[in-house]
Amino acid sequence: MNKLKIFLFFFLIFGIVKSLDSAQIFRLHSKQGLTPEFWSQRLDHFNPLDTRTFEQQYYVDDTYWTDHSGPVFLYISGEAPMEGPADGFVSVLAEQNNALVLSLEHRYYGKSQPFSEYTTENLQFLTVEQALTDLAQFLQYYQKVIKTNYGIESNNWFIIGGSYSGALSAWFRLKFPHLVKGSLASSGVVNPVLEFVNFDKQIATSSGTECAGVLRKTVQLIDVEMDASEERNLAVKKLFNAETVDDGSFRYYLADALSLPVQYSNHSAVCDPMINAQNEGSDLIEAFAKYCQDFFYKIMKTTADQYSNWYMQKTTTTPDNWALAQRTWWWQKCTQLAYFQIAPTTNSIRSPKITLEWHKEKCEAVFGAGTWPYVDKIIREFGSNEIKSTNTYFSNGNNDPWQWAGVRSTLSETQPAHVILGDSTHDCGHCIDLHEPKEDDPQDLKNARIEISAYVKQWLNSEEN
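Mapping of the sequence shown onto mature numbering (1 follows the signal peptide of the UniProt record, and there is no 0): residues -19 to -1, 1 to 446, in sequence order.
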């Protein structure tokens, strides 16, 4: 993901930009003005002889927590620096339930750094299992804080996440049902797909026939130029300020540039200028380069360099550096989660040169020989999109390519799922239900939030876990 929400969000709401990466969902839902806090988290939860710790960032929002015996929402920040406490629909749920909201930053992102360098050796502790246990440890720690401050022995907890952290939310409920009453897995990517061809198929569908055709033609033209000669290859890259980027990473950058607006409910951001260019007889490659500069770079601060092997090989960490989160997220993809977005065999918008073999070469170039995700282990441990859990709500937007790594159909009475439909003027993309509710939201989005509110209240008030 790609996750990359992780990512986990550079956003202006509806109409300008929706994300740098699926990783960066959190920015959209961040409330400003609260002071971050830190606590000492164990580095390795599975080696009792390793007593090392690191400082993990979290936020406390008690705006609606009028009764200290009331529920506690634990919001999981995903694969990106945490910009602030959760807001948007999470705040609506908190108000409805008079809940305390705690937002916890993911290890190895933002200010929650165990090490000063992202060396391959130091990244060994960045795993799904360690992250889930971080959540359990923090939950138990903060319950003690509540007991100390207010004398409350036990509150009802509910866990929430979106995208990769949506998967963590579902997996946490599966693994620690005694700690939380339920889970909201918004666009939760619980299926670690190795060959994620459905991602691009959905991008083509969501962008519309005309736009998909133009984007496909543009990518084909770029491929032709890149393969023609070294001189023409370099000339194309210069248009995108990507002279130092290897061919595969450059092609992956182009695929992200055309897919991310579609993913985040704003396909017109890329479709309008490209369709206009075709209708006017303009050069499509130059038009796409201008879009990347005007939108992908100026608004989302994303450069092609950040996709290159040499950039991802950088190991020095800096808090709040979203670009360096590329290395840690690719580590998670290359060692556990995959979500490898490869080109479909026909009618691909992504360059057909982005194959599974290319991803293998990428993982080994950045992290060393033999680096490859053992997705079968994750599937066996957590159940993929046939997860056997309870009290978990799975939501997806019908325009979101990540829905094909999630749960799209209700699994049981206590594992409902809702694919949220857009309307004639609104797409429903990634983690759309976590956005701040608006009057002109599609009716099905409003319906989904009503459902979510009802399930959250029901599960919080249930006598059973």
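Glycine residues also receive a C-beta, built at the ideal position from the N, C-alpha and C atoms. These figures come from a predicted structure and were not determined experimentally.
- Message: Whole angstroms are fine: how far does the CA of Gly410 sit from the CA of residue 533?
- Response: One cannot answer for residue 533 here, as it falls past the ends of the chain, which runs -19 to 446.
- Task: Identify which residue in Asn222, Ser97, Tyr56, Ile330 has its Cα closest to the Cα of Lys279.
- Result: Taking the Cα of Lys279 as reference, the smallest distance to any Cα among Asn222, Ser97, Tyr56, Ile330 is reached at Asn222.
- Exposure label - Val205; buried when at least 16 CB within 10 Å: Exposed: under 16 other Cβ atoms inside 10 Å.
- Item | Cβ-based burial, Ala238 [other Cβ within 10 Å; buried from 16] | Buried: at least 16 other Cβ atoms inside 10 Å.
- What is the rounded straight-line gap between the Cα of Lys156 and the Cα of Lys282? Cα-Cα distance, rounded: 37 Å.
- Query: Val437 and Asn130: beta carbons closer than 9 Å?
  - Reply: In this structure, Asn130 does not lie closer than 9 Å to Val437 by Cβ.
- Kindly list the residues whose CB is nearer than 7 Å to the CB of Ala306, restricted to its own chain and excluding five residues on each side of it in sequence; keep chain order. Excluding sequence positions up to five before and after Ala306, its CB lies within less than 7 Å of the CB of Ala4, Glu60, Ala61, Pro62, Tyr90, all in the same chain and listed in chain order.
- Straight-line gap, Phe177 to Gln384 (C-alpha atoms, nearest Å): Taken atom to atom, the span from the alpha-carbon of Phe177 to that of Gln384 is near 11 Å.
- Query: Can you tell me whether Glu102 is buried or exposed, with buried defined as 16 or more other CB within 10 angstroms of its CB?
  - Reply: By the neighbour-count criterion, in which a residue is buried when 16 or more other Cβ atoms sit within 10 angstroms of its Cβ, Glu102 is exposed.
- Query: Would you call the region 82 to 89 and the region 166 to 183 touching, i.e. three or more CB-CB distances under 8 Å?
  - Reply: No, the region 82 to 89 does not touch the region 166 to 183.
- Through-space distance from Leu113 to Pro95, alpha-carbon basis: Distance between the alpha carbons of Pro95 and Leu113: 16 Å.
- Message: With H, G and I counted as helix, E and B as strand and the rest as coil, what does DSSP make of Phe276?
- Response: Reduced to three states, the DSSP call for Phe276 is helix.
- Message: Considering just the uninterrupted stretch of the alpha helix (DSSP H) at Thr199, what are its terminal residues?
- Response: Per DSSP, the unbroken alpha helix (DSSP H) holding Thr199 starts and ends at 190 to 209.
- Helix, strand or coil: how does DSSP classify Val53 here? Val53: strand per DSSP, three-state reduction.
- Task: Identify, in the order they occur along the chain, each residue of the same chain with its Cβ nearer than 6 Å to the Cβ of Leu220, setting aside the five sequence neighbours on each side.
- Result: When the five nearest sequence neighbours on each side are left out, the beta carbons in the same chain lying within less than 6 Å of the beta carbon of Leu220 are those of Ala270, in order along the chain.
- Item | Nearest-angstrom beta carbon gap, Tyr56 and Val82 [assumed within contact, 8 Å] | So it is a contact: roughly 6 Å between Cβ atoms.
- Query: If Phe139 sits next to Leu441, beta carbons under 8 Å apart, how far is it from one beta carbon to the other, in whole angstroms?
  - Reply: Sure, about 6 Å apart at Cβ, within 8 Å.
- Item | Stretch-stretch touch, CB-based, cutoff 8 Å, three pairs: the region 325 to 333 with the region 109 to 128 | No, because fewer than three Cβ pairs between the region 325 to 333 and the region 109 to 128 fall closer than 8 Å, the two stretches do not touch.
- Query: Can you list the alpha helix (DSSP H) stretches of 4 or more residues lying completely in the region 350 to 397, in chain order?
  - Reply: Counting whole runs of 4 or more residues, the region 350 to 397 contains the alpha helix (DSSP H) stretches 356 to 363.
- Cβ neighbour criterion (16 or more within 10 Å) applied to residue 505: For residue 505 there is no data in the structure shown, the boundaries of the chain being -19 and 446.
- Message: Going by beta-carbon coordinates alone, are Thr371 and Pro158 separated by less than 9 Å?
- Response: For Thr371 and Pro158, yes; Cβs fall inside 9 Å.
- Message: Could you give the first and the last residue of the continuous beta strand (DSSP E) run that contains Phe143?
- Response: Checking the displayed sequence, the identity of residue 143 turns out to be Gly instead of Phe. Counting along the chain, Gly143 sits inside the beta strand (DSSP E) bounded by residues 138 to 143.
- Going along the chain, which residues of its own chain have a beta-carbon closer than 7 Å to the beta-carbon of Ile184, five neighbours each way excluded? Correct list, in chain order: Ser240, Val243, Ile330, Pro382.
- Item | Residue interval of the beta strand (DSSP E) (run including Phe96) | Run containing Phe96: none; DSSP gives neither H nor E here.
- Task: Note down, in chain order, each residue of its chain lying with its Cβ closer than 8 Å to the Cβ of Ala80, except the 5 sequence neighbours on either side.
- Result: Around Ala80: Tyr45, Trp46, Gly51, Pro52, Val53, Phe54, Leu74, Phe139.
- Task: Using only alpha-carbon positions, find the residue among Ser135, Phe106, Pro325, Leu107 that is nearest to His49.
- Result: By alpha-carbon distance to His49, the top candidate from Ser135, Phe106, Pro325, Leu107 is Ser135.
- In DSSP terms, what Glu18 is bridged to: Answer is Tyr39.
- Message: Could you pull the DSSP bridge partners for Leu165 from this structure?
- Response: Paired residue(s): Ile141, Tyr374.
- Query: What number of angstroms, rounded off, separates the C-alpha of Asp404 from the C-alpha of Glu417?
  - Reply: Asp404 and Glu417: Cα-Cα distance of roughly 18 Å.
- Task: Could you please give the first and the last residue of the uninterrupted beta strand (DSSP E) stretch that includes Val82?
- Result: Counting along the chain, the beta strand (DSSP E) containing Val82 begins and ends at 81 to 85.
- Which runs of the alpha helix (DSSP H), 4 residues or longer, sit entirely within the region 254 to 329? As far as the region 254 to 329 is concerned, its whole alpha helix (DSSP H) runs of at least 4 residues are 265 to 272, 290 to 293, 306 to 313.
- Rounded distance between the beta-carbons of Val226 and Tyr288, thought under 8 Å: Right, the Cβ-Cβ distance comes to about 6 Å (below 8 Å), so this counts as a contact.
- Task: In the DSSP assignment, find the unbroken alpha helix (DSSP H) run with Leu402 in it and report its ends.
- Result: For Leu402, no alpha helix (DSSP H) run applies, since DSSP gives it neither H nor E.
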